[in-house]
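Notes follow the structure.
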Amino acid sequence: MRLQLHHRLIVMTVALVVVVIVCLATYLSSRQLHTLTEALRRKAAAYGTIMADGARSAVAFSDRETARETLSALDRDPEVASVTLYGSDGSVLYRRGISEVADRRSLGSFTTSSHLAIVTEVVALEGPRGTLAIEISTSSLDDAHEEVVRVAVIAGALALLVSLLVAWAIARRLSRRLRKIAGVASAVADGDLTQRPIDDRGSDEIGTVAVAFDAMLGQLRLLIERQAEMARREQERLEAIVAERTAELDRKNAEMQLVFDHVDQGFLIVDRAGVVGSDRSAAVDRWLGATPEMSRLPDYIRGFDADAADWIDLQWEMLRDGSLPPEICLAQMPAHLTVQGRRLELAYQTLTDARGDLRVLVVLSDATARFEREQAERDERELSSLFARMLRGGAGFLAFHAEVDSYVAEISYGSAGASLGRTIHTLKGVAALEGVGTVASLCHELETALGDQDEGQIALLRRAIVQRWTMLSAKLEPLIRVQVDRIDLRVADLEALEAALERGASRRELIGLVEGLRHERVSTALERLAEDARSLAKHLGKDPVEICVEVDETLRLPCERWSPFWSAAIHAIRNAVDHGLEPAEERIDRNKAATPRLALRARRRLGFVEIEIADDGRGIDWDALARSARARGMAASTRGELVEALFSDGVSTRDEITETSGRGIGMAALRHAVVASGGAIEVTSSAAGTTFGFLWPESVVFAPSVTPLAFDALHD
Numbered sequence: 003m004r005l006q007l008h009h010r011l012i013v014m015t016v017a018l019v020v021v022v023i024v025c026l027a028t029y030l031s032s033r034q035l036h037t038l039t040e041a042l043r044r045k046a047a048a049y050g051t052i053m054a055d056g057a058r059s060a061v062a063f064s065d066r067e068t069a070r071e072t073l074s075a076l077d078r079d080p081e082v083a084s085v086t087l088y089g090s091d092g093s094v095l096y097r098r099g100i101s102e103v104a105d106r107r108s109l110g111s112f113t114t115s116s117h118l119a120i121v122t123e124v125v126a127l128e129g130p131r132g133t134l135a136i137e138i139s140t141s142s143l144d145d146a147h148e149e150v151v152r153v154a155v156i157a158g159a160l161a162l163l164v165s166l167l168v169a170w171a172i173a174r175r176l177s178r179r180l181r182k183i184a185g186v187a188s189a190v191a192d193g194d195l196t197q198r199p200i201d202d203r204g205s206d207e208i209g210t211v212a213v214a215f216d217a218m219l220g221q222l223r224l225l226i227e228r229q230a231e232m233a234r235r236e237q238e239r240l241e242a243i244v245a246e247r248t249a250e251l252d253r254k255n256a257e258m259q260l261v262f263d264h265v266d267q268g269f270l271i272v273d274r275a276g277v278v279g280s281d282r283s284a285a286v287d288r289w290l291g292a293t294p295e296m297s298r299l300p301d302y303i304r305g306f307d308a309d310a311a312d313w314i315d316l317q318w319e320m321l322r323d324g325s326l327p328p329e330i331c332l333a334q335m336p337a338h339l340t341v342q343g344r345r346l347e348l349a350y351q352t353l354t355d356a357r358g359d360l361r362v363l364v365v366l367s368d369a370t371a372r373f374e375r376e377q378a379e380r381d382e383r384e385l386s387s388l389f390a391r392m393l394r395g396g397a398g399f400l401a402f403h404a405e406v407d408s409y410v411a412e413i414s415y416g417s418a419g420a421s422l423g424r425t426i427h428t429l430k431g432v433a434a435l436e437g438v439g440t441v442a443s444l445c446h447e448l449e450t451a452l453g454d455q456d457e458g459q460i461a462l463l464r465r466a467i468v469q470r471w472t473m474l475s476a477k478l479e480p481l482i483r484v485q486v487d488r489i490d491l492r493v494a495d496l497e498a499l500e501a502a503l504e505r506g507a508s509r510r511e512l513i514g515l516v517e518g519l520r521h522e523r524v525s526t527a528l529e530r531l532a533e534d535a536r537s538l539a540k541h542l543g544k545d546p547v548e549i550c551v552e553v554d555e556t557l558r559l560p561c562e563r564w565s566p567f568w569s570a571a572i573h574a575i576r577n578a579v580d581h582g583l584e585p586a587e588e589r590i591d592r593n594k595a596a597t598p599r600l601a602l603r604a605r606r607r608l609g610f611v612e613i614e615i616a617d618d619g620r621g622i623d624w625d626a627l628a629r630s631a632r633a634r635g636m637a638a639s640t641r642g643e644l645v646e647a648l649f650s651d652g653v654s655t656r657d658e659i660t661e662t663s664g665r666g667i668g669m670a671a672l673r674h675a676v677v678a679s680g681g682a683i684e685v686t687s688s689a690a691g692t693t694f695g696f697l698w699p700e701s702v703v704f705a706p707s708v709t710p711l712a713f714d715a716l717h718d
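What follows is the structure in structure tokens.
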């Protein structure tokens with residue numbers, strides 16, 4: 003704890019006085035004691051000289067009586083403690099009191115703890131010599147010393163008290179004056195410039211400080227008054243500028259709001275925390291309703307689309323935390339929103355205000371008309387594609403339509419599993435190659451949702467696929483009803499029938515020939531696959547591709563039984579084009595023709611119906627296939643085990659999943675269709691290409707009771 007100034011003055015004054023008193027008391031008492039000691043010493047010396055002269059005769063004659071008479075005179079002095087006279091032979095001629103130097107024979111003065119002794123020589127006129135020892139008590143010195151100390155203590159105490167009072171008075175006066183100056187200075191430091199001048203009439207340094215402080219305070223008041231006047235003028239000038247700028251801003255805001263109220267887009271400004279600003283265009287209120295005050299964008303959107311709101315909330319949290327760059331967060335925001343049948347497109351743009359704070363401009367555009375137009379164009383395009391498919395072969399189209407109906411039914415009601423996965427993958431391939439892109443895209447999204455086990459999205463996509471195909475089928479229904487009653491008949495078919503009649507063919511042969519006319523030409527199915535292969539090659543950037551179709555034109559197959567195979571054969575086509583065919587540069591490096599070749603063949607041979615899909619590409623990547631199979635716990639050491647893995651669910655040579663390949667389901671669906679129809683598969687593959695051969699015994703392909711007559715045989 004630090005002492006205040008007046009306390010320190012008192013302590014310093016008292017300490018100085020104490021030091022002075024102690025020094026003076028010590029000095030004066032020592033001087034007085036020295037004086038008294040010297041006086042006592044001189045007294046003892048005088049006694050010795052006088053008594054030695056008087057005791058000469060006693061020493062000369064060893065007369066004790068004379069010695070007593072002479073030395074008894076000292077008895078009247080109470081300070082004389084002892085007197086001893088020694089003869090020349092050392093005998094004691096006289097003694098009074100107890101001597102502390104009785105045994106001493108040396109001459110001189112001696113001091114003990116309580117006596118002052120003097121030993122003098124006594125010389126008789128007759129010649130003998132004696133010794134006189136006189137001891138004087140020093141008790142008077144002790145009494146004098148005690149008196150001096152007592153007087154010094156009393157005087158010191160009185161002096162200390164007086165000094166303390168004087169120091170307190172001086173310190174109190176100085177402290178009061180300084181406190182007055184400090185109080186005014188503190189008030190001025192706190193901003194109170196109304197303090198009166200300090201009333202201090204002293205002419206010492208404190209008075210000088212008070213006068214100087216009053217002068218400084220006056221100058222400070224004058225300076226502040228000048229600054230206040232300048233600030234007032236500057237404030238008036240700034241207020242005029244602010245008023246002018248405010249009026250200009252109000253005018254610009256009014257103009258901007260006028261623009262906002264008449265544009266056909268919605269504008270929202272959202273801060274980093276996701277709170278929607280108060281400035282927005284009138285279109286926002288028309289489409290979404292009024293924004294609650296301090297509402298966050300996810301809460302504002304939640305009333306229309308809860309899933310979109312949750313996704314916006316997640317992305318905005320990452321935007322606020324800075325865990326991802328703003329551009330990436332905004333790129334993952336929902337791009338469209340449906341509100342009461344209105345299709346709104348959302349765009350996001352980062353803004354930075356004057357303080358450097360991040361803002362996001364949300365632009366809403368009414369894309370309902372464009373969306374409906376694009377949807378109508380898409381519907382027309384997909385219906386046109388299906389109609390063209392119908393024109394290429396009515397019977398085949400009816401079988402295709404029935405097969406897709408069965409796929410859609412299984413997707414709608416089937417339980418999750420390998421069978422459902424193959425059905426979805428097959429429908430995706432068929433829809434994509436037949437030009438029904440919406441169904442293909444929905445199937446791809448459904449495959450992804452099944453992989454993610456997102457039950458809500460799975461149910462939503464199942465309904466969407468059913469609704470889309472139902473709508474397309476409803477629009478095709480009038481044409482389908484007409485097509486049911488028609489068959490694909492060519493001039494060559496009539497000629498073959500006429501030839502059979504003319505040569506008198508049996509009734510069974512004629513019935514078989516007519517029954518065959520109800521079936522689809524294999525050439526039509528292969529041409530359809532060839533066209534699908536060309537479309538896929540163009541889509542994958544591998545166009546042109548030389549496609550060769552080699553088929554017995556008279557070969558027809560039952561549509562209903564073979565429709566699953568033709569649908570699943572799409573997977574072999576997709577694998578050949580996507581996996582097998584190399585780019586032109588790679589083919590040239592391998593000493594191959596720059597244009598890849600794909601061959602589709604169908605024939606009857608040795609009691610079998612054989613269909614081949616062959617390419618001259620790079621061949622199957624057996625090593626990648628083995629790695630994928632082993633990763634799923636499958637054997638992959640022999641060629642037979644690898645072929646088995648090739649047609650297993652989930653095995654693929656691709657690491658990346660695309661809409662075309664990578665899931666490892668298509669070939670499993672193809673094998674399922676072949677085995678279900680009673681056929682078998684042969685696979686040959688090398689660096690020169692890959693061939694898939696599909697074989698069915700004729701006894702399985704055709705009804706036992708009907709043996710269609712080969713048209714080429716009839717022509718012969």
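Sequence positions in the sequence shown follow the numbering used here and run 3 to 718.
Glycine included, C-beta positions come from ideal geometry on N, C-alpha and C.
In the three-state reduction of the DSSP assignment, residue 560 falls in the coil class. By the Cβ rule, the region 537-550 does not count as touching the region 625-644, because fewer than three pairs are nearer than 8 Å. Residue burial annotation: residue 561 is buried, with at least 16 other C-beta atoms found within 10 angstroms of its C-beta. Distances from the alpha-carbon of residue 565 to those of 321, 601, 554 and 527 put 527 closest. Counting along the chain, residue 693 sits inside the beta strand (DSSP E) bounded by residues 691-699.
The beta carbon of residue 66 sits closer than 6 Å to those of 95, all from its chain and outside the five residues before and after it, given in chain order.
With contacts defined by Cβ atoms closer than 9 Å, residue 120 and residue 43 form a contacting pair. In this structure, residue 557 and residue 607 do not form a Cβ contact; the two beta carbons are roughly 11 Å apart against a cut-off of 8 Å. Contact annotation: residue 62 and residue 72 have beta-carbon atoms that are not nearer than 9 Å. Considering only 315, 449, 214 and 442, the residue with the shortest C-alpha distance to residue 422 is 449. The shortest CA-to-CA distance from residue 567 to any of 613, 543 and 249 is the one to 613.
Straight-line spacing of the CA atoms in residue 141 and residue 149 works out to 12 Å. Taking the Cβ atoms as the reference, residue 576 lies roughly 15 Å from residue 437, outside the contact range of under 8 Å.
Under DSSP, residue 351 takes part in a beta bridge, and its partners are 363. By the CB criterion at 9 Å, residue 474 and residue 388 fall inside the cutoff. In the structure shown, residue 615 falls within a strand segment according to DSSP collapsed to helix, strand and coil. Beta-carbon to beta-carbon, residue 134 and residue 50 are separated by about 6 Å, close enough to satisfy the 8 Å threshold. For residue 684, the three-state secondary structure derived from DSSP is strand. Listed in chain order, the beta strand (DSSP E) elements of length 3 or more contained wholly in the region 527-580 are 548-553.
The Cβ atoms of residue 143 and residue 123 lie no closer than 9 Å to each other. Between residue 157 and residue 38, the C-beta spacing is not below 9 Å.
Note on the region 266-310: whole beta strand (DSSP E) runs with a minimum of 3 residues are 267-273 and 278-282, in chain order. Membership of residue 118 in the beta strand (DSSP E) is indicated by the continuous run 117-125.
Residue 13 counts as exposed, since fewer than 16 other C-beta atoms from the protein chains shown sit within 10 angstroms of its C-beta. Residue 330 is not bridged by DSSP to any residue. Between the region 594-604 and the region 624-639 there are fewer than three inter-stretch CB-CB distances shorter than 8 Å, so the stretches are not counted as touching. Counting of Cβ neighbours within 10 angstroms places residue 371 among the exposed residues, the total staying below 16. Linking residue 25 to residue 163 through their CA atoms gives a straight-line distance of about 17 Å. Membership of residue 341 in the beta strand (DSSP E) is indicated by the continuous run 338-341. When C-alpha distances from residue 587 are compared across 47, 619, 312 and 611, the shortest belongs to 619. Look at residue 113 here: in three-state DSSP terms it is strand.
Its Cα nearest to that of residue 700, the residue 609 stands out among 268, 47, 609 and 443.
Going by DSSP, residue 630 is part of the alpha helix (DSSP H) stretching over 624-633. In this structure, the beta-carbon distance from residue 269 to residue 362 does not fall below 9 Å. For residue 602, the enclosing beta strand (DSSP E) begins and ends at 599-607. Assignment of residue 475 by DSSP, reduced to helix, strand and coil, places it in the helix class.
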